[in-house]
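See below for the structure under consideration.
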Amino acid sequence: MPEHPVVVVTGASSGIGRASALAFAAQGATLVLAARGGSALRAAAAECRAAGARHVEPVVTDVSDRDAVDGLVDGARRRWGRVDVCVHAAAVMAYGRVDEVPPEVFDRVVTTNLLGTANVARACLAQFRRQRSGTLVVVGSLLGRVTTPRMGAYVTSKWGVRGLARILSQEVRDLGDVHVCIVEPAGTDTPIYRQAANYTGRYGRPPVPVDSPERVARSVLRAARHPRRHSRLLGPTSPFIVAGFTLLPGVYDALVGPLVAVGALARERVAPHDGTVFAPRPEGDATHGLWGRHWLRAVAAAGAAGAAGAGAALVRRR
1 MPEHPVVVVT GASSGIGRAS ALAFAAQGAT LVLAARGGSA LRAAAAECRA AGARHVEPVV
61 TDVSDRDAVD GLVDGARRRW GRVDVCVHAA AVMAYGRVDE VPPEVFDRVV TTNLLGTANV
121 ARACLAQFRR QRSGTLVVVG SLLGRVTTPR MGAYVTSKWG VRGLARILSQ EVRDLGDVHV
181 CIVEPAGTDT PIYRQAANYT GRYGRPPVPV DSPERVARSV LRAARHPRRH SRLLGPTSPF
241 IVAGFTLLPG VYDALVGPLV AVGALARERV APHDGTVFAP RPEGDATHGL WGRHWLRAVA
301 AAGAAGAAGA GAALVRRR
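Counting from 1, position 220 in the sequence shown corresponds to residue 220 in UniProt numbering; the numbering is continuous, with no gaps.
This is how it looks when you write it as structure tokens:
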């Protein structure tokens with residue numbers, strides 16, 4: 001990665017995308033920022049200028065629109081001569097059982113997250129092949145490796161994203177300086193949980209332990225600088241969760257439902273709504289969500305109690 005790279009960031013108006021844009025801005029990068037919400041995108045651009053970016057260009061873009069994504073990357077190339085890094089962080093989420101979530105919401109989540117990733121990858125890799133260098137960093141999720149109930153659309157999309165990123169990394173092996181990496185965070189303090197479509201009756205929240213978006217952004221920056229390592233799974237408990245899912249599927253399946261009810265859904269009630277799945281809500285966009293460390297002890301205690309109760313129930317059934 002050059003000292004002052006040209007970086008395209010999707011999902012730059014909020015959460016991990018916004019934090020990643022700010023991390024590159026602090027390194028003096030030239031930034032092309034993309035998101036659906038114009039006002040929040042312009043606010044993120046102003047923050048990046050203040051943080052030290054050399055140049056910042058906000059471009060309203062929906063990653064599910066293939067022509068718009070092509071125009072985003074081609075516009076960056078025409079203006080700055082090259083694209084060194086693309087960070088793809090755009091995503092939407094929906095809570096609810098598969099039979100509860102309206103089919104059009106389910107389909108849109110998968111379209112935005114999975115097909116949107118394919119659109120970004122096609123556009124960026126075409127440019128990287130022409131210039132014989134460049135790195136695509138895809139923001140995946142721990143939920144691309146394990147499953148949880150009531151998040152079927154999001155989990156389906158992220159499993160697809162992880163598989164696609166692996167395929168892409170294989171397909172660029174003939175290009176020595178072109179790379180595809182995936183960063184896979186667990187629960188992160190971003191607005192996506194409140195902005196998600198929801199059909200459970202309770203707001204979603206990130207399960208503990210909760211990372212900051214800045215920590216995830218530092219991993220994104222490291223991936224861009226040292227892209228030889230394809231996958232970066234974040235979170236101190238994530239390897240244990242993946243191991244439980246893989247090695248003890250019966251135990252995992254017995255525990256995951258109660259743990260989701262306790263640790264991934266807030267007590268606050270909410271009427272069914274489609275969140276940001278079809279349109280942005282710029283007023284809710286920010287780098288951080290509502291999930292600071294002040295609430296972690298209570299949730300951790302509740303999670304431990306839920307796990308103990310589920311474990312006892314499992315033993316009784318056996």
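No residue lacks a Cβ here, since even glycine has one placed at the ideal position from N, Cα and C.
Asked, Found
"Which residues DSSP lists as bridging T135, in chain order", "V85, H179"
"Cβ shell of A21 (< 7 Å), same chain only, five flanking positions each side left out", "V9, A12, L31, L33, A44, C48"
"Every unbroken alpha helix (DSSP H) within the region 11-82, with a cutoff of 4 residues, ordered by chain", "15-26, 38-51, 66-80"
"Short Cβ contact (7 Å threshold) for G15 with I241", "no"
"Helix, strand or coil at E104 [DSSP, three-state]", "helix"
"Segment contact, 8 Å Cβ cut-off, at least three pairs: the region 113-122 with the region 57-77", "yes"
"Length of the line joining the Cα atoms of V270 and Y95", "11 Å"
"Straight-line Cα distance separating R129 from P206", "38 Å"
"4-residue-minimum alpha helix (DSSP H) runs that sit fully inside the region 238-274, ordered along the chain", "238-247, 249-263"
"Buried or exposed by the 16-neighbour rule on C-beta atoms within 10 Å, applied to L143", "buried"
"Cβ-Cβ distance between Y252 and G244 below 7 Å", "yes"
"Contact check, C181 vs V110, beta carbons under 7 Å", "no"
"Same chain only: Cβ atoms within 7 Å of H294, ignoring 5 sequence neighbours per side", "With a pLDDT of only 39 at H294, under the threshold of 50, the placement of this residue in the model should not be trusted; the figure read from the coordinates follows. Nothing meets the Cβ criterion."
"Bridge partners - N198, DSSP secondary structure assignment", "Y95, H273"
"W80 beta carbon less than 7 Å from that of V6", "yes"
"Neighbourhood of V56 by C-beta distance below 7 Å, restricted to the same chain and skipping five residues each side", "L31, L33, A45, C48, R49"
"Three-pair Cβ contact test at 8 Å for the region 150-159 versus the region 81-94", "yes"
"A53 classed as buried or exposed, judged by whether at least 16 other C-beta atoms fall within 10 angstroms", "buried"
"Limits of the unbroken alpha helix (DSSP H) element including R218", "213-225"
"Beta-carbon spacing of V183, V139 below 7 Å", "yes"
"Proximity of V85 and R77 at Cβ, strictly below 7 Å", "no"
"P227 to T135 span [Cα, whole Å]", "7 Å"
"For G235 and A19, the rounded distance between their alpha carbons", "17 Å"
"Residue 338 burial status per 10 Å Cβ neighbour count (16 or more: buried)", "For residue 338 there is no data in the structure shown, the boundaries of the chain being 1 and 318."
"Assigned secondary structure, L233 (DSSP; H/G/I helix, E/B strand, else coil)", "strand"
"Counted within 10 angstroms of its Cβ, other Cβ atoms place L247 as buried (16 or more) or exposed", "exposed"
"Burial state of G289, where buried means 16 or more other Cβ atoms lie within 10 Å", "buried"
"When A26, R36, F24, G28 are compared against E283, the one with the closest alpha-carbon", "R36"
"Neighbourhood of A123 by C-beta, 6 Å cutoff - its chain only, sequence neighbours within 5 removed", "V69, D70, V73"
"Cut-off 7 Å between Cβ atoms - residues of its own chain near A286, not counting five sequence neighbours on either side", "S14, P191"
"G187 (DSSP reduced to helix, strand or coil)", "coil"
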